[in-house]
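J.: Start counting the sequence shown at 5; every next residue gets the next number (the working numbering).
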Amino acid sequence: MSNEIIDNNQPAADKDKLRTQAIIVYALYAASVLLGVTVIAGVIMAYMKRDEMQGTLYYDHMQYLIKTFWWSLIGCIIGYITLFIVVGSIILVVSGIWFIYRVVAGFIKLNNNKPVSADGWL
5 MSNEIIDNNQ PAADKDKLRT QAIIVYALYA ASVLLGVTVI AGVIMAYMKR DEMQGTLYYD
65 HMQYLIKTFW WSLIGCIIGY ITLFIVVGSI ILVVSGIWFI YRVVAGFIKL NNNKPVSADG
125 WL
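1. Does the beta-carbon of L69 have 16 or more other beta-carbons within 10 angstroms, so that it is buried, or is it exposed?
2. Grouping DSSP H, G and I as helix and E and B as strand, with all else coil, what is A34?
3. Output the distance between the C-alpha atoms of L61 and V120, rounded to the nearest integer angstrom.
4. I need the straight-line Cα distance from W125 to K53, nearest angstrom please.
5. With L114 and I27 assumed to form a contact (beta carbons below 8 angstroms), what rounded beta-carbon distance in angstroms separates them?
6. Under a Cβ-count criterion, where at least 16 other Cβ atoms within 10 Å of its own Cβ denotes burial, should E8 be classed as buried or exposed?
7. Residue ranges of each alpha helix (DSSP H) run of no fewer than 4 residues wholly in the stretch 89-119, ordered along the chain?
8. Could you please give the first and the last residue of the uninterrupted alpha helix (DSSP H) stretch that includes G83?
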């Protein structure tokens, strides 16, 4: 049995709209690896759109991305604070790899219409 969350009461056009919005949020997160600030637009959009996505697999994707933003931010802050010792650079690298992994893994699941574990770490 599939882990998909399916809402048969929702019109296909609405599902397509929600899916497109989720893809845009993932794209903003991915672009932030090079541009930095697009993640802020992404997390704002995730907060604004997640209530519309309640009851669909896209809701968990928004929760997942919001959690990714906050924990990555915390990792970066701790990394920069401890940068003067070697552990800071390690924290920054691990935080960056974790961010990229979550964005890529989440997008792959979204592309396959699979939910993510919003409470999980990977």
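Just so you know, even glycine gets a beta-carbon here, dropped at the ideal spot from N, CA and C.
T.: Per the coordinate set shown:
1. As a working note, residue 69 is residue 65 in the sequence shown. Around the beta carbon of L69, a 10 Å sphere encloses 16 or more other beta carbons of the protein chains shown; the residue is thus reported as buried.
2. For the purposes of this step, residue 34 is identified with residue 30 of the sequence shown, where counting begins at 1. Shown here, A34 sits in a helix according to DSSP, grouped into three states.
3. Along the sequence shown, read from residue 1 onward, the residue named residue 61 stands at position 57. Along the sequence shown, read from residue 1 onward, the residue named residue 120 stands at position 116. L61 and V120: Cα-Cα distance of roughly 8 angstroms.
4. One-based indexing of the sequence shown puts residue 125 at position 121. One-based indexing of the sequence shown puts residue 53 at position 49. The alpha-carbon atoms of W125 and K53 are separated by roughly 22 angstroms.
5. One-based indexing of the sequence shown puts residue 114 at position 110. One-based indexing of the sequence shown puts residue 27 at position 23. About 7 angstroms; that satisfies the 8 angstroms criterion.
6. Here residue 8 refers to the residue found at position 4 when the sequence shown is read from its first residue. Because the pLDDT at E8 is just 45, under 50, the model does not fix this residue reliably, and the value given afterwards should be weighed accordingly. Counting Cβ neighbours within 10 Å, E8 comes out exposed, since fewer than 16 surround it.
7. 90-115
8. Against the sequence shown, residue 83 aligns to sequence position 79. Residues 61-85.
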